[in-house]
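What follows is the structure in structure tokens.
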């Protein structure tokens, strides 16, 4: 690959959040048609329910007693090999030019997930396949949730869908995921804990649900039964090899560690000069933090990505529910695009808590939603939740000024001149909701990102626009890879022509 620089392009389409408040979705002229796609009864998803917390208990058990995902995965992969999965867990495609959609953390089954569907079909409905990266099904990966949270939302997407599992997909031992995406009906549990206290996690661990084969077959045939929609992927980790680019998806389990067998496979499939793109359940750079991804037995995923002999051009991860991009220059002078794409439907993780970035130049960093829009959305959420709207609620302009003041950055959307000096109230709310001061990360005083997920989820979900969801369209030719991030605001104004929030073109030769 040549040293030709990566180009960052400016969208010539409709206004984005960087252009105007209307482009961000703060002003909606008409409601979104996604409401017509919803089931007759939308489940009231809430982490406050004891049943939901109990079904998700495997996350806490994995953190307390050790993540059993690696051992369970080895058993599942052995069953797939016995069945005759493709060699090297690789799908080969002869396309020299093609496109695919990518979205992460989709499956809450509520309005914020369905709001992504119309813009996705308009901007990426003609792509050759789709990839879901992390957390296909919330809250606990149950097979009984696939009808309304996977098959129904994407019934009109005409091409195959591949996926890499997230931590929530693992809460049922990956059984539902393996059945739907890999065609494997196998219970690879129980977890192999050892030691004097092993009886505790063995006793409390949630076993996979029994599969309702008839219901799953009916959902498949009814919603995604067309021949062009069906595919069977090789396993929970896989590669799609094409002449210009190799797409590699890895399974990071509950805690983010890759097992040693998958690590050996990743090193092998990463060899050679062909350009490669990594898709992972856990991002390698996120929130101005490097999370290299440990491999069982030694080494990290990012060591493999940064090795010049492997020629990776990008690494895209889910898990965090927003969009971020970090163009990192390697020691040999290449640029690798590290991207977070987790805005496919689940509750939004704040971006205003991201400090002024150090891992790349702040001017090169991109995020969606913009920090000011994130702070404004959260301020309205807390104003309503605490019944103190006059204290908490900040307009997008007030929130943008407060972020600019505390971080010392040029805002993503300007308001003319140097912008107004934020009021004392705006500065107070920004500090309370976790905007760092002078670029230094500080602990969040109110629950925005730092508390356990069951509280964070409950306090950062809403069912009215703007949703600030997003998805990617990737176009591949023999000479370049073009990545565009599109917004899904939930506004009817943006469904047929969704705003392009970020765009980058990477040379492949």
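Residue numbers (full-length UniProt numbering): 1 to 509.
Just so it is clear, CB atoms sit at the ideal spot from N, CA and C, and this is done for glycine as well.
Query - Inter-residue Cα distance where the pair is residue 15 and residue 159 - result: On the chain shown, position 15 is the one that residue 15 refers to. On the chain shown, position 159 is the one that residue 159 refers to. Spanning the two alpha carbons is a distance of roughly 29 angstroms.
Query raised in the report: When we look at the beta-carbon of residue 23 and count the other beta-carbons within 10 Å, is it buried (16 or more) or exposed?
Result: Counting from one through the chain shown, the residue named residue 23 turns up at place 23. Looking at its Cβ environment, which holds 16 or more other Cβ atoms inside 10 Å, residue 23 is buried.
Query raised in the report: With which residues is residue 254 paired in a DSSP beta bridge?
Result: The sequence position of residue 254 within the chain shown is 254, counting from 1. According to DSSP, which records beta bridges pairwise, residue 254 is partnered with nothing at all.
Query raised in the report: Where does residue 306 land, buried or exposed, given buried means 16+ other C-beta within 10 angstroms?
Result: Locating residue 306 in the chain shown gives position 306, where the first residue counts as 1. Around the CB of residue 306, 16 or more other CB atoms lie within 10 Å, so the residue is classed as buried.
**Report entry** Local conformation of residue 280 per DSSP, three classes
**Finding:** If you number the chain shown from 1, residue 280 lands on position 280. In the three-state scheme derived from DSSP, where H, G and I count as helix and E and B as strand, residue 280 is classed as strand.
Query raised in the report: So, residue 235 versus residue 281, is the Cβ gap smaller than 8 angstroms?
Result: Taking the chain shown and counting its residues from 1, one reaches residue 235 at position 235. Taking the chain shown and counting its residues from 1, one reaches residue 281 at position 281. No, the Cβ-Cβ distance between residue 235 and residue 281 is not below 8 angstroms.
Requested in this report: Just the C-alpha distance for residue 31 and residue 25, rounded to the nearest angstrom, thanks.
Outcome: Position 31 of the chain shown holds residue 31. Position 25 of the chain shown holds residue 25. Approximately 11 angstroms, taken between the alpha carbons.
Query raised in the report: For residue 154, which three-state DSSP category applies?
Result: The residue given as residue 154 occupies position 154 in the chain shown. In the three-state reduction of the DSSP assignment, residue 154 falls in the coil class.
Query raised in the report: Thinking just about the alpha-carbon of each residue, which of 357, 410, 51 is nearest to the one in residue 286?
Result: The residue you call residue 286 lines up with position 286 of the chain shown. Comparing C-alpha distances from residue 286 to each of 357, 410, 51 shows the shortest one belongs to 357.
Query raised in the report: Terminal residues of the continuous alpha helix (DSSP H) containing residue 511?
Result: The structure shown does not extend to residue 511, since the chain spans only 1 to 509, so no value can be given for it.
Query - CA-to-CA distance, residue 274 to residue 382, given in whole angstroms - result: What you label residue 382 is simply residue 382 of the chain shown in a count that begins at 1. What you label residue 274 is simply residue 274 of the chain shown in a count that begins at 1. Residue 382 and residue 274 have their alpha carbons spaced roughly 49 angstroms apart.
**Report entry** Rounded C-alpha distance that separates residue 148 from residue 309
**Finding:** Mapped onto the chain shown, residue 148 falls at position 148. Mapped onto the chain shown, residue 309 falls at position 309. C-alpha separation (whole angstroms): 43 angstroms.
Requested in this report: In angstroms with no decimal places, state the Cα-to-Cα distance between residue 292 and residue 303.
Outcome: Along the chain shown, one-based indexing puts residue 292 at 292. Along the chain shown, one-based indexing puts residue 303 at 303. Spanning the two alpha carbons is a distance of roughly 8 angstroms.
Query raised in the report: Is residue 119 buried or exposed, if buried means 16 or more other CB atoms sit within 10 Å of its CB?
Result: Indexing the chain shown from 1 puts residue 119 at position 119. So residue 119 counts as buried.
**Report entry** Under the three-state DSSP convention, the category residue 327 falls into
**Finding:** Looking up residue 327 in the chain shown gives position 327. It is a strand residue.
Query raised in the report: Once you ignore the five residues that flank residue 71 on each side, which residues in its own chain have a CB closer than 6 angstroms to its CB?
Result: Counted from its first residue, the chain shown places residue 71 at position 71. Within the same chain, residue 71 has close Cβ partners 192.
Query raised in the report: So with Cβ pairs under 8 angstroms, would you call residue 311 a contact of chain C?
Result: No chain C appears in the structure shown, which is made up of a single protein chain.
**Report entry** Residue range of the alpha helix (DSSP H) that includes residue 469
**Finding:** As a first step, residue 469 is located in the chain shown; it is residue number 469 there, counting from the start. Counting along the chain, residue 469 falls outside any alpha helix (DSSP H), though it belongs to the beta strand (DSSP E) covering 469-476.
Report task. Indicate the three-state DSSP secondary structure (helix, strand or coil) for residue 16 in the structure shown. Result -> The sequence position of residue 16 within the chain shown is 16, counting from 1. Correct three-state label for residue 16: coil.
Requested in this report: Could you pull out every residue in the same chain whose Cβ sits closer than 7 angstroms to the Cβ of residue 493, ignoring the five residues on either side in sequence?
Outcome: Within the chain shown, numbered from 1, the residue matching residue 493 stands at position 493. So the qualifying residues of the chain are 28, 29, 30.
Query raised in the report: Quick one: what's got a C-beta closer than 6 angstroms to residue 238's C-beta in the same chain, skipping five residues either side?
Result: For this step, residue 238 is matched to residue 238 along the chain shown. Around residue 238: 89, 249.
Query raised in the report: Which residues in the same chain as residue 167 place their Cβ atom closer than 6 angstroms to its Cβ, once the five residues preceding and following it in sequence are excluded?
Result: Walking along the chain shown from the start, residue 167 turns up at place 167. Excluding positions up to five away in sequence, the list reads 254.
Report task. Take residue 546 as the anchor and find which of 196, 366, 247, 163 has the nearest alpha-carbon. Result -> Past the edges of the chain, shown from 1 to 509, lies residue 546, and the structure says nothing about it.
Report task. Give a yes or no on whether the C-beta atoms belonging to residue 93 and residue 38 are separated by under 8 angstroms. Result -> Working through the chain shown from its first residue, we reach residue 93 at position 93. Working through the chain shown from its first residue, we reach residue 38 at position 38. Judged by their CB atoms, residue 93 and residue 38 are not nearer to each other than the 8 angstroms cut-off.
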